[in-house]
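> Here's a structure for you.
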Amino acid sequence: MMGRVMSIYMMTFAFMPMGALPIGALGDAIGVGTAVAGGGATVVFFVLAMAVLRPNLRRLE
């Protein structure tokens with residue numbers, strides 16, 4: 001289980017630059033607070049979608 005947690009932790013830092021450019025451009029266009037809130041809402045939506053679409057992820061050991 002520790003290996004899975006560490007891989008997710010490392011992926012967050014690997015994918016951060018890919019999200020920084022679009023969020024920065026969106027922040028310039030519509031405002032930083034709105035862009036960050038939209039990014040957070042996207043993450044929450046993705047997590048909830050995975051919880052519904054892939055219920056077997058809850059049973060990983």
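Read in order, the letters of the sequence shown are residues 1 to 61 in this note's numbering. C-beta atoms are modelled at their ideal positions from N, C-alpha and C, and glycine is treated no differently.
Using a Cβ-Cβ cut-off of 7 Å (strictly less than) and excluding sequence neighbours within five positions of residue 35, which residues of its own chain qualify?
23, 26 and 27
> Please list the terminal residues of the continuous alpha helix (DSSP H) segment that includes residue 63.
Lying before the first or after the last residue shown, residue 63 is absent from the chain, which here runs from 1 to 61.
> With the cut-off set at 8 Å, would you say residue 39 and residue 19 are in Cβ contact?
yes
> What did DSSP end up calling residue 10 once you bin it into helix, strand or coil?
helix
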